[in-house]
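Participant: Would you mind keeping the following structure in view while I ask a few things?
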Amino acid sequence: MSRIPALRIRPLNEARVRPEGDFVLYWMTAYRRTSWNYALDRAIARARELDRPLVVFEALRAGYPWASDRIHQFVMDGMVDNGARLARGPALYYPYLESRPGDGRGLLSALGEHACAVITDDFPSFFLPRMLAAAARQVPVLLEAVDSNGLLPMRAADRVFPTAYSFRRFLHKALPAHLDETPAADPLRALDLTSMPSLPDPIESAWPRAWPLEADGRRDALPDLARLQIDHAVGPVEYSGGAMSGSRVLRDFLLTRLEGYAAERNQPEVEASSGLSPYLHFGHVSAHAVFHALRTWESWSRDDLGEPTGKRAGWWGMSEPAEAFLDELVTWRELGFNRGALSDTGDRFESIPDWAQATLAEHADDPRKYRYDLATFDEARTHDSLWNAAQNQLRREGRIHNYLRMLWGKKILEWSASPRDAYDVMVELNNRYAVDGRDPNSYTGILWVLGMYDRAWGPERPIFGKVRYMSSENTARKVRVREYMREYAKVS
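Under my numbering, the residues of the sequence shown are numbered 11 to 502, in order.
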């Protein structure tokens, strides 16, 4: 029926396709884009097979954990882009925004009553797996989850990998077979589906569109965030979300920053990172699209691949900066998805390796020279100016420089009452403020602080035991931070 790899398709219930339904429903939850999207490809294929219209349903709840103006605005930017793109074709776009938690209750079931089948996104983190499990019990037709997260299908592996090295060795052997499998770059081009002017009246009456149909693609049609019951204390960031902004960030990275990525990405005072993490997290940009742009930039083909080694450099056969970037985009990012998809404890404290749990437990009662509570951490009122600067950047910009993010976590471990308290603080601050929080990749970073994907280090230290130690003093000697600290001395 379609060219989507079978490994990426997962039925969530035992219901059947109902050919007599009014439409095929694509419930867009994680891949909030209209290109390079296997789930959208699957929904289009179903609609063609059944000769039925396609409805693209994108909702934004008010009651999810850490719901705020920051996250809402970023997602709504993407909804505007999707509305503009879908307005030009036969697929019907249905955006829905909850004003209050619970307002959308019953909406998916109502849509399912009219649907032939429901296709959705397979994302292994945050509340989404629980939401899909509940939806599978509610909709009366087949519900399929489709994996469009990364270059490697999440279920191409049959185990959770304990280190980046072991996962990289597996990637070098398994990934080549999947590199020529890609979602459609522009699945809406010349789309030949039966059109549907609107949803049944009872549905739109009970759950009105986020804005009128004729306003799709207009930013001035967005509702006022102040009217929504979400956290208004965490304001929007200065950069916008959405597929269009994500594409500009990718283009700018290739043109101006890729060349210095390998040498300068650890320098806080140099803008050398890709800036793509928030767009990858919300699905505004696809890892497949990023890889396609990079391989085109590098004039690369699969014939350039080397022999599997498990090493960070040399296997791809690309330039040093490109390979350094791919190790982040593919190895480290998809390592988190590997754990999220195949482990029930992928984002929990209990998932850190036994050796790390043992050594942290042995030192849990060690005296702490400094001990801070959540409020002090949140407000960046510690004794450490560099740590405070990193926290202020997080609060202001929704991100921390990649290298300083590691230090940020290590100091929280050192200054918390216990390792579990440290984990809770990192999760709370990261998920509240980081635009790319609540993601398998961000949990990878938090758990790495506690020993995940790492090895035991010596000498054994107070509080840390054998877990890798970092200090602000050593960091300031390794990388330039004077101007960074001046820039983020206070949160704005």
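Positions of the beta carbon are idealized from the N, C-alpha and C atoms, including for glycine. Since the structure is predicted, the reported quantities are computational estimates derived from the model, not experimental observations.
Work out the CA separation of Arg305 and Leu161 for me, nearest whole Å.
Facilitator: Numbered from its first residue, the sequence shown carries residue 161 at position 151. Numbered from its first residue, the sequence shown carries residue 305 at position 295. Taking the straight line joining both Cα atoms gives about 13 angstroms.
Participant: Please go through the same chain and pick out, in chain order, the residues whose beta-carbon is closer than 6 angstroms to the beta-carbon of Pro288, but skip the five residues on each side of it.
Facilitator: To locate residue 288, count along the sequence shown from 1; it is residue 278. Answer for Pro288: Val445 and Asp446, listed in chain order.
Participant: Tell me whether Pro377 sits in a helix, a strand or coil according to DSSP, three-state version.
Facilitator: Stepping through the sequence shown from its first residue, residue 377 is reached at position 367. Pro377: coil per DSSP, three-state reduction.
Participant: Does the separation of the CB atoms of Gly93 and Asp202 fall below 8 angstroms?
Facilitator: Here residue 93 refers to the residue found at position 83 of the sequence shown. Here residue 202 refers to the residue found at position 192 of the sequence shown. No, the pair does not count as a contact, with Cβ atoms beyond the cut-off.
Participant: My assumption, with CB atoms under 8 angstroms, is that Glu6 sits in contact with Ala272. Please give the rounded CB distance.
Facilitator: Limits of the chain in this structure are 11 at one end and 502 at the other, which puts residue 6 out of reach.
Participant: Helix, strand or coil: how does DSSP classify Gly227 here?
Facilitator: For the purposes of this step, residue 227 is identified with residue 217 of the sequence shown, where counting begins at 1. If DSSP states are grouped into helix, strand and coil, Gly227 belongs with coil.
Participant: Use the C-beta contact count for Glu424: other C-beta atoms within 10 angstroms, 16 or more gives buried, fewer gives exposed.
Facilitator: Locating residue 424 in the sequence shown gives position 414, where the first residue counts as 1. Buried.
Participant: For a test of the three-state rule: what should DSSP assign to Trp37, helix, strand or coil?
Facilitator: Looking up residue 37 in the sequence shown gives position 27. Residue state, collapsed to three classes: strand.
Participant: Less than 8 angstroms between the C-beta atoms of His182 and Trp365, yes or no?
Facilitator: The residue you call residue 182 lines up with position 172 of the sequence shown. The residue you call residue 365 lines up with position 355 of the sequence shown. Their beta carbons are not under 8 angstroms apart, which means His182 does not touch Trp365 by this criterion.
Participant: Closer than 7 angstroms by C-beta to Ala174: which residues in its own chain qualify, once you throw out the five before and the five after it? Chain order, please.
Facilitator: Within the sequence shown, residue 174 is the residue found at index 164, counting from 1. Answer for Ala174: Thr341, Trp342, Leu345 and Tyr463, listed in chain order.
Participant: For a test of the three-state rule: what should DSSP assign to Tyr103, helix, strand or coil?
Facilitator: Residue mapping note: residue 103 aligns to position 93 of the sequence shown, counting from 1. In the structure shown, Tyr103 sits in a strand (DSSP, three-state: E or B).
Participant: Does the stretch 306 to 317 touch the stretch 141 to 151, meaning 3 or more C-beta pairs lie closer than 8 angstroms?
Facilitator: Flag = no, the stretch 141 to 151 and the stretch 306 to 317 do not touch.
Participant: Say whether the stretch 450 to 459 touches the stretch 232 to 247, bearing in mind that this needs 3 or more beta-carbon pairs closer than 8 angstroms, one atom from each stretch.
Facilitator: Touching, no.
Participant: Please state the DSSP three-state secondary structure of Ser12.
Facilitator: Against the sequence shown, residue 12 aligns to sequence position 2. In this predicted model, Ser12 has a pLDDT of only 47, less than 50, meaning its place in the structure is not dependable enough to derive any value.
Participant: Whether or not the stretch 126 to 138 and the stretch 94 to 103 are in contact is what I'm after, with contact meaning three or more pairs of Cβ atoms, one per stretch, closer than 8 angstroms; do they touch?
Facilitator: With the cut-off at 8 angstroms, the stretch 94 to 103 and the stretch 126 to 138 do not touch.
Participant: Which value, in whole angstroms, describes the spacing of the CA atoms of Arg165 and Leu121?
Facilitator: Counting from 1 along the sequence shown, the entry for residue 165 is found at position 155. Counting from 1 along the sequence shown, the entry for residue 121 is found at position 111. Looking at the two C-alpha atoms, the distance is approximately 29 angstroms.
Participant: Among residues of its own chain, excluding the 5 on either side of Ala184, which ones have a beta-carbon nearer than 6 angstroms to its beta-carbon?
Facilitator: As a working mapping, residue 184 is identified with position 174 in the sequence shown. Within the same chain, Ala184 has close Cβ partners Ala166.
Participant: Within the continuous alpha helix (DSSP H) that includes Ile213, where are the two ends?
Facilitator: The residue labelled residue 213 in the question sits at position 203 within the sequence shown. Looking at the DSSP string, the run of the alpha helix (DSSP H) that includes Ile213 is Asp211 to Ala216.
Participant: According to DSSP, Tyr463 sits in a beta bridge with which residue or residues?
Facilitator: Residue mapping note: residue 463 aligns to position 453 of the sequence shown, counting from 1. Answer by DSSP bridge pairing, in chain order: Thr173.
Participant: Over the uninterrupted alpha helix (DSSP H) stretch that includes Asp79, give me the two end residues.
Facilitator: Position 69 of the sequence shown, counted from the first residue, corresponds to residue 79. Asp79 -> alpha helix (DSSP H) spans Asp79 to Leu96.
Participant: Cβ atoms of Leu70 and Val85: under 8 angstroms apart, would you say?
Facilitator: To locate residue 85, count along the sequence shown from 1; it is residue 75. To locate residue 70, count along the sequence shown from 1; it is residue 60. In this structure, Leu70 lies closer than 8 angstroms to Val85 by Cβ.
Participant: Using beta-carbon positions only, say whether Arg18 and Pro111 come within less than 8 angstroms of one another.
Facilitator: Within the sequence shown, the letter at position 8 stands for residue 18. Within the sequence shown, the letter at position 101 stands for residue 111. Their beta carbons are not under 8 angstroms apart, which means Arg18 does not touch Pro111 by this criterion.
Participant: Suppose contacts are defined by Cβ-Cβ distances below 8 angstroms. Is Ala9 in contact with Ile129 by that definition?
Facilitator: This structure cannot settle anything about residue 9, because the visible part of the chain is limited to 11 through 502.
Participant: What span of residues does the alpha helix (DSSP H) with Gly54 cover, start to end?
Facilitator: Locating residue 54 in the sequence shown gives position 44, where the first residue counts as 1. It is Ile, not Gly, that sits at residue 54 in the sequence shown. Per DSSP, Ile54 belongs to the alpha helix (DSSP H) from Tyr48 to Leu60.
Participant: With DSSP as the reference, please indicate the residues paired to Pro139 in a beta bridge.
Facilitator: Taking the sequence shown and counting its residues from 1, one reaches residue 139 at position 129. None, per the DSSP bridge assignment.
Participant: Put Glu279 into one of helix, strand or coil per three-state DSSP.
Facilitator: On the sequence shown, residue 279 is found 269 positions in, with the first residue counted as 1. Glu279: coil per DSSP, three-state reduction.
Participant: Is the distance from the Cβ of Arg80 to the Cβ of Pro246 below 8 angstroms?
Facilitator: Here residue 80 is taken as the residue at index 70 of the sequence shown, counted from 1. Here residue 246 is taken as the residue at index 236 of the sequence shown, counted from 1. It is a contact, given that the beta carbons lie within the stated cut-off.
Participant: Short check: CB of Ser296 to CB of Trp37, under 8 angstroms?
Facilitator: Locating residue 296 in the sequence shown gives position 286, where the first residue counts as 1. Locating residue 37 in the sequence shown gives position 27, where the first residue counts as 1. For Ser296 and Trp37, no; Cβs fall outside 8 angstroms.
Participant: Could you tell me the boundaries of the alpha helix (DSSP H) in which Thr306 lies?
Facilitator: Numbered from 1 along the sequence shown, position 296 holds the residue referred to as residue 306. Note, Thr306: alpha helix (DSSP H), Ala297 to Trp307.
Participant: Quick test of your reading: Tyr433 and Ile456, contact by CB under 8 angstroms. State the CB separation rounded to the nearest angstrom.
Facilitator: Translated into the one-based positions of the sequence shown, residue 433 becomes position 423. Translated into the one-based positions of the sequence shown, residue 456 becomes position 446. About 7 angstroms; that satisfies the 8 angstroms criterion.
Participant: What are the start and end residues of the alpha helix (DSSP H) that includes Val437?
Facilitator: Locating residue 437 in the sequence shown gives position 427, where the first residue counts as 1. Where Val437 is concerned, the enclosing alpha helix (DSSP H) stretches over Pro429 to Tyr443.
Participant: Look at the alpha carbon of Trp467 and the alpha carbon of Ala145, and state the distance between them as a whole number of angstroms.
Facilitator: Translated into positions along the sequence shown, residue 467 becomes position 457. Translated into positions along the sequence shown, residue 145 becomes position 135. Rounded to the nearest angstrom, the two C-alpha atoms are 45 angstroms apart.
Participant: Enumerate in chain order the residues of its own chain whose CB-to-CB distance from Gly73 is below 6 angstroms, with the five nearest sequence positions on each side excluded.
Facilitator: Residue 73 sits at position 63 when you count from the first residue of the sequence shown. Answer for Gly73: Pro111, listed in chain order.
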